[in-house]
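Numbering (full-length UniProt numbering), first residue to last: 1 to 361.
All C-beta atoms, glycine included, are put in the ideal place defined by N, C-alpha and C.
Just so it is clear, the structure is predicted and the values come from calculations on it, not from any experiment.
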Amino acid sequence: MPQHVRGVIARSSGAPVELTDIVIPDPGPGEVIVAISACGVCHTDLTYRDGGINDEYPFLLGHEAAGVVDAVGPGVDSVAIGDFVVLNWRAVCGDCRACRRGRPEYCFNTHNATQKMTLTDGTELTAALGIGAFAEKTLVHAGQCTKVNPAADPAVAGLIGCGVMAGLGAAVNTGGVARGDSVAVIGCGGVGAAAVVGARLAGATTIIAVDRDPRRQSMATELGATHTVDASAVDTVASIRSLTGGFGADVVIDAVGRPETWEQAFYARDLAGTVVLVGVPTPDVRVDMALVDFFSRGGALKSSWYGDCLPDRDFPMLIDLHLQGRIPLEHFVSERIGLDGIEDAFDAMHEGRGLRSVVTL
Numbered sequence: 001m002p003q004h005v006r007g008v009i010a011r012s013s014g015a016p017v018e019l020t021d022i023v024i025p026d027p028g029p030g031e032v033i034v035a036i037s038a039c040g041v042c043h044t045d046l047t048y049r050d051g052g053i054n055d056e057y058p059f060l061l062g063h064e065a066a067g068v069v070d071a072v073g074p075g076v077d078s079v080a081i082g083d084f085v086v087l088n089w090r091a092v093c094g095d096c097r098a099c100r101r102g103r104p105e106y107c108f109n110t111h112n113a114t115q116k117m118t119l120t121d122g123t124e125l126t127a128a129l130g131i132g133a134f135a136e137k138t139l140v141h142a143g144q145c146t147k148v149n150p151a152a153d154p155a156v157a158g159l160i161g162c163g164v165m166a167g168l169g170a171a172v173n174t175g176g177v178a179r180g181d182s183v184a185v186i187g188c189g190g191v192g193a194a195a196v197v198g199a200r201l202a203g204a205t206t207i208i209a210v211d212r213d214p215r216r217q218s219m220a221t222e223l224g225a226t227h228t229v230d231a232s233a234v235d236t237v238a239s240i241r242s243l244t245g246g247f248g249a250d251v252v253i254d255a256v257g258r259p260e261t262w263e264q265a266f267y268a269r270d271l272a273g274t275v276v277l278v279g280v281p282t283p284d285v286r287v288d289m290a291l292v293d294f295f296s297r298g299g300a301l302k303s304s305w306y307g308d309c310l311p312d313r314d315f316p317m318l319i320d321l322h323l324q325g326r327i328p329l330e331h332f333v334s335e336r337i338g339l340d341g342i343e344d345a346f347d348a349m350h351e352g353r354g355l356r357s358v359v360t361l
C-alpha cells in the first residue's frame, strides 16, 4: 500500500523550499523504493528550485543520495531488499544507438520510475533528475540503484551519485588525464575539487587549482593540487602557462561554465591540449572567439556529462578506492543537516562555505 513520508519540495520559482508529506506508491515493474540514508545538497537542486531546469513544479528535490532498498517491484533482480545503494541519474537502457555501438555512457534513453510520487492531495511531483531524494524514501527505476560496499559512510557515498562523479570523471574519463600530465582546474567547488582528486588519482604531476576563494584553494591543496591560482588577483591564463613551462596545461577543466572561464581554459591549454567543460552553462551565455584560433591550436574540446561515467562500473570502484584510503572523499562533507536545513544549505552554497552540505536521515 502507498507510503506517506516527509520530503522537501519546491512549489514555485524562487520560493523557499517546503518540508511536507508526500505519497510513494507501491513499486511497479522495474521500480524500487529506497529508504534514504543521506543526500548531498547540489547546486542543481538550487537550479531546480529557481526554475533553471524547467517549470514542471512542484519539484521533489535532492538527487545525490545513498540509502537502503526498502521494496522492489515485479521483475527486479538487480537489487534486493536490504542492499546499500548509491542512486544515479544514468540508468542506461542497453538498446539505444549509443548503447548498441558500445558507448553506453552516452545513452539517449535512460530510465526513471514510471509512476509519480505525489502530494497528499494527489498533485504529481517532478523528481529532481528522476530521483527526488530530499525525502525519507523515494521511488526510482531499478537501474538507478548501484550496489556498493555498505562499509562506506552514506554521507560520503551519496556524493558519488553526482558531484564527485562529475568532477572526477571529467578528469579521468572525459579528459583522459594520464601519468605525468599537467592539469588545471578552473573553479574548485564540489565538482572542481573532485576533478583535482581525479587528476591526482590518474597520476598527473602538476595540478593547478584556480579559484577566487582562498578557502577553496586551500581545500584543493589538501585534495592533491600542487599549485593554486587566485583568479581574483592574477591573470589566470598567464599563471597557468607560467606553471607549465610557458606551454599551458595538457588538460584544462572548466568547472564553472561561464564564457570567460571557458576562454581561459581554451587559451591556458598546451598546443593540441584538451579542454573539458563540466560546469553547466545557462542557456543565455555565448562565446565569441576567432575561428582561426580553433583551427590553429588543434587538440580536443570536450563536454563532460556526468563525468562520462557508467555507474555500475565506476561507483563501486570509487567506494572501494575511498575505503582503501586512496581518495579522501570524506573531505567533501562540510556539514550534516536535517531535511529542515535545505534553505540554509543553499545560503552556504552562495557564500562558498565548504564543499557540500549533506542531509542525513
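{"Check": "Start-end ranges of the beta strand (DSSP E) lying completely within the segment 172-258, minimum 3 residues", "Outcome": "182-186, 206-211, 227-230 and 249-254"}
{"Check": "Within the segment 76-119, ranges of the alpha helix (DSSP H) (whole runs, at least 4 residues)", "Outcome": "97-100"}
{"Check": "Which of helix, strand or coil DSSP assigns to Val-156", "Outcome": "helix"}
{"Check": "Distance between Cys-42 and Leu-355 (C-alpha atoms, nearest Å)", "Outcome": "10 Å"}
{"Check": "First through last residue of the beta strand (DSSP E) which encompasses Gly-273", "Outcome": "269-277"}
{"Check": "Complete runs of the beta strand (DSSP E) confined to the segment 271-350 [at least 3 residues]", "Outcome": "300-303 and 333-337"}
{"Check": "Residue from Ile-342, Val-358 and Ser-357 whose Cα sits closest to the Cα of Ala-15", "Outcome": "Ile-342"}
{"Check": "Inter-residue CB distance, Gly-192 and Val-185 (contact presumed, cutoff 8 Å)", "Outcome": "5 Å"}
{"Check": "N- and C-terminal bounds of the beta strand (DSSP E) containing Ala-38", "Outcome": "31-40"}
{"Check": "Cβ shell of Glu-335 (< 6 Å), same chain only, five flanking positions each side left out", "Outcome": "Ser-357"}
{"Check": "Cutoff 8 Å; reference Met-289; Cβ partners in own chain excluding five residues on either side", "Outcome": "Glu-263 and Phe-266"}
{"Check": "Inter-stretch contact at 8 Å, needing at least 3 Cβ pairs: the segment 4-18 / the segment 319-326", "Outcome": "no"}
{"Check": "Beta-carbon proximity check, Val-69 vs Gly-30, cutoff 8 Å", "Outcome": "no"}
{"Check": "Coil, strand or helix - His-63 by DSSP", "Outcome": "coil"}
{"Check": "Residue of Ala-133, Gly-307, Phe-108 and Phe-294 minimising C-alpha distance to Ile-24", "Outcome": "Ala-133"}
{"Check": "Residues that DSSP places opposite Ser-357 in a beta bridge", "Outcome": "Glu-335"}
{"Check": "Asp-70, DSSP secondary structure in three states", "Outcome": "strand"}
{"Check": "The segment 204-216 / the segment 307-316 touching (three or more Cβ pairs under 8 Å)", "Outcome": "no"}
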